[in-house]
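Colleague: Protein chains in written order, with our numbering: chain Y, 102 to 487; chain P, 109 to 264; chain D, 26 to 195.
All C-beta atoms, glycine included, are put in the ideal place defined by N, C-alpha and C.
Structure incoming, see below.
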Amino acid sequence: MKRRVAIIGAGITLFRRRMLESPKELSFEASRMALDAAGLTLKDIQSVVSGSAPDAFDGVHMKGEYYLDGMGAIGKPHQRVYVGGGTGVFTPIGGWWNVASGMYDTCLCVAEEKMSPLHPHPQYAFWSIFDQILERPLGTTLLWIFSLEMRRYMHKYGIKEEEIAEVAVKNKGNAIDHPCAQLGAKITVDDVMNSEPICSPVKRLDVSPPSDGAAAVVLASERVAKKLTDEPVWLDGVGWTLDTTHWTNRDLAYPEYVEKAAKMAYKMAGIKNPRKEIDIAEPYDPFDYKELHHLEGLQLAGKGEAPKMTVDGVTQRDGDLPVCPSGGLLGVGNPIAAAGMMKICELFWQLRGEAGKRQVKKDARTGVAQAWGDLMQVGTVTVMRR
Amino acid sequence: MPILEKISQPSMARHWTDSIPLEFHYTAGVAGEKFRRELRDNGRFLVSKCAKCKNSYVPARMFCPSCFIEMKETRAIDEPGYVYSYTTVNRNRAGEPGETVTLALVKFEGVEGGIIHRLDDKTIDKAAFGIKVVPILKDRTERTGALSDIISFKQA
Amino acid sequence: MSQKITNYPGHEITHEDQKERRYLDIEYKFVPRYSWAAGVAISRFLDELKEGRIIARKCNQCERILVPPRMYCEQCYRPTDQWVQIKDTGTVNTFSISHVGTDARRLKTPILVAVVDLDGASPGMGILHNLGEVEPSNIRIGMKVQAVWKQPSERQGAITDIRYFKPLEA
Ligand SMILES: [Zn+2]
Ligand SMILES: [Zn+2]
Numbered sequence: 102m103k104r105r106v107a108i109i110g111a112g113i114t115l116f117r118r119r120m121l122e123s124p125k126e127l128s129f130e131a132s133r134m135a136l137d138a139a140g141l142t143l144k145d146i147q148s149v150v151s152g153s154a155p156d157a158f159d160g161v162h163m164k165g166e167y168y169l170d171g172m173g174a175i176g177k178p179h180q181r182v183y184v185g186g187g188t189g190v191f192t193p194i195g196g197w198w199n200v201a202s203g204m205y206d207t208c209l210c211v212a213e214e215k216m217s218p219l220h221p222h223p224q225y226a227f228w229s230i231f232d233q234i235l236e237r238p239l240g241t242t243l244l245w246i247f248s249l250e251m252r253r254y255m256h257k258y259g260i261k262e263e264e265i266a267e268v269a270v271k272n273k274g275n276a277i278d279h280p281c282a283q284l285g286a287k288i289t290v291d292d293v294m295n296s297e298p299i300c301s302p303v304k305r306l307d308v309s310p311p312s313d314g315a316a317a318v319v320l321a322s323e324r325v326a327k328k329l330t331d332e333p334v335w336l337d338g339v340g341w342t343l344d345t346t347h348w349t350n351r352d353l354a355y356p357e358y359v360e361k362a363a364k365m366a367y368k369m370a371g372i373k374n375p376r377k378e379i380d381i382a383e384p385y386d387p388f389d390y391k392e393l394h395h396l397e398g399l400q401l402a403g404k405g406e407a408p409k410m411t412v413d414g415v416t417q418r419d420g421d422l423p424v425c426p427s428g429g430l431l432g433v434g435n436p437i438a439a440a441g442m443m444k445i446c447e448l449f450w451q452l453r454g455e456a457g458k459r460q461v462k463k464d465a466r467t468g469v470a471q472a473w474g475d476l477m478q479v480g481t482v483t484v485m486r487r
Numbered sequence: 109m110p111i112l113e114k115i116s117q118p119s120m121a122r123h124w125t126d127s128i129p130l131e132f133h134y135t136a137g138v139a140g141e142k143f144r145r146e147l148r149d150n151g152r153f154l155v156s157k158c159a160k161c162k163n164s165y166v167p168a169r170m171f172c173p174s175c176f177i178e179m180k181e182t183r184a185i186d187e188p189g190y191v192y193s194y195t196t197v198n199r200n201r202a203g204e205p206g207e208t209v210t211l212a213l214v215k216f217e218g219v220e221g222g223i224i225h226r227l228d229d230k231t232i233d234k235a236a237f238g239i240k241v242v243p244i245l246k247d248r249t250e251r252t253g254a255l256s257d258i259i260s261f262k263q264a
Numbered sequence: 026m027s028q029k030i031t032n033y034p035g036h037e038i039t040h041e042d043q044k045e046r047r048y049l050d051i052e053y054k055f056v057p058r059y060s061w062a063a064g065v066a067i068s069r070f071l072d073e074l075k076e077g078r079i080i081a082r083k084c085n086q087c088e089r090i091l092v093p094p095r096m097y098c099e100q101c102y103r104p105t106d107q108w109v110q111i112k113d114t115g116t117v118n119t120f121s122i123s124h125v126g127t128d129a130r131r132l133k134t135p136i137l138v139a140v141v142d143l144d145g146a147s148p149g150m151g152i153l154h155n156l157g158e159v160e161p162s163n164i165r166i167g168m169k170v171q172a173v174w175k176q177p178s179e180r181q182g183a184i185t186d187i188r189y190f191k192p193l194e195a
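Printed below as a string of structure tokens:
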């Protein structure tokens, strides 16, 4: 029988293009802050789950084994979970298994990414995720799959680039209020439209920046959580699924794998009408159109309808469904796994009413966080409640 | 049911050869930066000390892994180290016969951790557990703060 | 607790810091070489490319014709049944104009990229490839295209035996 799991503390470092801290040190800073927030010391932690994207970014093989002392995992049951860009939200899901199963009462979940070591650009490592025989010889870059998907999405539903640009404007604007943000800025749709075309239809301001950073949360069983805090945030639903790497054989206009993951999480959390029952969302937004794609996959907008919702202001912080009030990856930055965990931290603070200047207007009780990744094939989803 | 159609002639099986070339520019980290500067400027190893458990660590670290708190206190080692263990390698990284090198894990009294480095030719014959060793350093002008600032360790 | 925290940890290294070499970074190059086995399906696929043909595999249960070919159907989870020769023409499913290379450096001449759904395979069975002999502004989703092959003597059993896909004259 599964047990109810709570988040009782969160921590995060600055997100920057390049940080002095080593991967261990970044992990330590985020973990330490999460433990302090939960009022715990390392001795109180029974297991550790870590998340980090490909080893090729930090440039350390067996990264999970290397950074674990920064996560307080020496001599403890530790596992590294990995599903590419979906890793950040998958990390607390891994922690959820530890606690919901009854194995442990406390679990520290840490996501770390240091993308800056890779030279000349972190983009380069993504080259190796494509098929080595049939795709890589064509000179692939990660931007290709995004631009191909964005174009197909626009074509299928008749969406304009200007509508998509609204997401970049909103998220970079929201990020101004995030103390860790790398690219918070007041920009306009015209700025996005006039920014350098890098892989059309993708333009420079449609894209989130590569970053270094770490983020962490502490999970506890219901019994322990109630002893430690009056304001636990419950991790009431988790879901994750993957599709095939034969991505050129799939419908690129709709992320079915996100829908499946969302339905799994909603079922667990007892959510029947997501659009009515979800108050706040942190979908994965490495590119502006991805936020829209994912809102549809998460059943928070009908197919092809997320752009209109955005243009109408529904997804603003004072809107009916605030989306990426943190500033998202577009504004706060995209240290891959840490960026997904940043979304978990944001919902934790929002649901407890501690988000300060970022606090959404409505009384948010239920939130959903989602990440995406690998060869555009994975959805990871968590439902959180106060 | 298994896949029945197989390649029966080995010459029909194709291979694709390529590489994934990567170049990294690592930061040394908060503690690593201090360690490297001490090595470059003064030719000494920097140690961090935990205010709580009183353990010391080399190379210097930012946090104590057991107390999980930041370590602010540092000191440089002046005393010689000792050979904790050693090995002689006569193959290169590709596994082919190569230069013979004797490597040692050098530890320091009362300090956790250690430094891996080569022993100098004269010390190799005398290599034994516990012998006292000191680093042979490159000239200050050639030092960059990398462990290659040390040419090798020799008997003290 | 977000609003109660005043100091978020971390030390930024700015672009200028890096240019001025204010920190003791460590540089390292790593060039591992690999020889990947193409496997049963792709070995045959590459052999056929060398002959100027595109081959697919059919699953008799779901009746899908799969390209790139695979020896098992990932949906029915059973071995596929037969080889099927398909056409070297198709339809642009989606496309992009890439101004950046593999390492994100800017290119002088953009690469035209597309997912091409191949004729003779099941609907939506596309492959990734390049477009050529077309103005970027003239590319459209739904456009019919045909493979432009290398000379037989230049082919080596690689995806690049097809130089690119060009618009099919109406
Ligand atoms: Zn200590
Ligand atoms: Zn089938």
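With the cut-off set at 7 Å, would you say P408(Y) and I260(Y) are in Cβ contact?
Modeller: yes
Colleague: State the CB to CB distance for the pair C208(Y) and G196(Y), rounded to an integer number of angstroms; the pair is presumed to be in contact (CB under 8 Å).
Modeller: Right, their Cβ atoms sit about 4 Å apart.
Colleague: Give the residues whose C-beta lies closer than 6 Å to at least one heavy atom of ligand 1, in chain order.
Modeller: Per the Cβ criterion, the list is C158(P), K160(P), C161(P), N163(P), C172(P), S174(P), C175(P).
Colleague: Among all the DSSP beta bridges, which residues are the ones paired with Y490(Y)?
Modeller: Because chain Y is modelled from 102 through 487, residue 490(Y) falls outside the range shown and cannot be assessed.
Colleague: Return no unless some Cβ of chain Y is closer than 7 Å to the Cβ of E220(P).
Modeller: no
Colleague: By the three-class DSSP mapping on this structure, what secondary structure does G87(Y) have?
Modeller: Since the first residue of chain Y shown is 102 and the last is 487, residue 87(Y) is not available in this structure.
Colleague: Around the Cβ of R144(P), are there at least 16 other Cβ atoms within 10 angstroms (buried) or fewer (exposed)?
Modeller: buried
Colleague: Going along the chain, which residues of its own chain have a beta-carbon closer than 6 Å to the beta-carbon of K444(Y), five neighbours each way excluded?
Modeller: E383, A470
Colleague: E267(Y) and A438(Y): beta carbons closer than 7 Å?
Modeller: Contact: no.
Colleague: Just to confirm before moving on: does the CB-CB distance between S312(Y) and P436(Y) stay below 7 Å?
Modeller: yes
Colleague: Going by CA-CA distance only, name the one from P118(P), S119(P), S127(P), K142(P) that's closest to S229(Y).
Modeller: When each option's Cα is compared against that of S229(Y), the closest is S127(P).
Colleague: Going by DSSP in three states, I79(D) sits in which element: helix, strand or coil?
Modeller: Strand at I79(D).
Colleague: Have a look at the DSSP bridge pairing and note the partners of C210(Y).
Modeller: According to DSSP, which records beta bridges pairwise, C210(Y) is partnered with V150(Y), V318(Y).
Colleague: Applying the 10 Å Cβ sphere with the 16-neighbour rule, what's the burial state of H394(Y)?
Modeller: buried
Colleague: Would you list the one or two residues that DSSP bridges to C175(P)?
Modeller: Its beta-bridge partners do not exist; DSSP assigns none.
Colleague: What is the rounded straight-line gap between the Cα of E207(P) and the Cα of K44(D)?
Modeller: 37 Å
Colleague: What residues does ligand 2 have around it, judged by CB closer than 7 Å to any heavy atom, in chain order?
Modeller: Every residue passing the under-7 Å Cβ criterion appears here: C84(D), Q86(D), C87(D), R89(D), C98(D), Q100(D), C101(D), R103(D).
Colleague: I'd like to know whether the C-beta of S193(P) is nearer than 7 Å to at least one C-beta of chain D.
Modeller: No, no contact with chain D.
Colleague: For G151(P), go through chain Y and note every residue whose CB falls closer than 8 Å to its CB, in chain order.
Modeller: Within chain Y, no residue comes near G151(P); the closest Cβ sits about 23 Å away, beyond 8 Å.
Colleague: Between the C-alpha atoms of L211(P) and I232(P), what's the straight-line distance to the nearest angstrom?
Modeller: 9 Å
Colleague: Under a Cβ-count criterion, where at least 16 other Cβ atoms within 10 Å of its own Cβ denotes burial, should Q451(Y) be classed as buried or exposed?
Modeller: buried
Colleague: Are there 16 or more other CB atoms within 10 angstroms of the CB of R130(D), so buried, or fewer, so exposed?
Modeller: exposed
Colleague: Give the interface partners of V56(D) over in chain P, defined as CB-CB distance under 7 Å, in chain order.
Modeller: S127, P129
Colleague: Taking 7 Å as the CB-CB cut-off, is H225(P) touching chain D?
Modeller: no
Colleague: So, for L227(P): in the same chain, excluding its five sequence neighbours on each side, which residues have a beta-carbon less than 8 Å away from its beta-carbon?
Modeller: Closer than 8 Å at the Cβ level, and outside the excluded window around L227(P), lie V191, Y194, T210, L211, A212, A235, V241, S260, F261, K262.
Colleague: Distance, Cα to Cα, A316(Y) vs R201(P)?
Modeller: 37 Å
Colleague: According to DSSP, which residues form a beta bridge with C98(D)?
Modeller: R103(D)
Colleague: Report the CB separation of G137(P) from E126(Y) in whole angstroms; it is logged as a contact under 8 Å.
Modeller: 5 Å
Colleague: Over what stretch of residues does the alpha helix (DSSP H) that includes W124(P) continue unbroken?
Modeller: First-last for W124(P): 123 to 127, but that is the beta strand (DSSP E), not the alpha helix (DSSP H).
Colleague: How many angstroms separate the CA atom of W348(Y) from the CA atom of T134(D)?
Modeller: 26 Å
Colleague: Here's a check: name, in chain order, each residue in its chain whose Cβ is nearer than 6 Å to the Cβ of P356(Y), leaving out the five neighbours to either side.
Modeller: H394, G398
Colleague: Helix, strand or coil for Q43(D)? Go by DSSP, reduced to three states.
Modeller: Per DSSP, reduced to three states, the secondary structure at Q43(D) is helical.
Colleague: Is DSSP giving V293(Y) helix, strand or coil here?
Modeller: It is helical.
Colleague: Which first and last residues belong to the alpha helix (DSSP H) in which K215(P) is found?
Modeller: Note, K215(P): premise wrong, no alpha helix (DSSP H); beta strand (DSSP E) at 205 to 215.
Colleague: Report yes if the CB atom of I175(Y) is closer than 7 Å to the CB atom of P173(P), and no otherwise.
Modeller: yes
Colleague: On the three-state DSSP scale, how would you describe F388(Y)?
Modeller: strand
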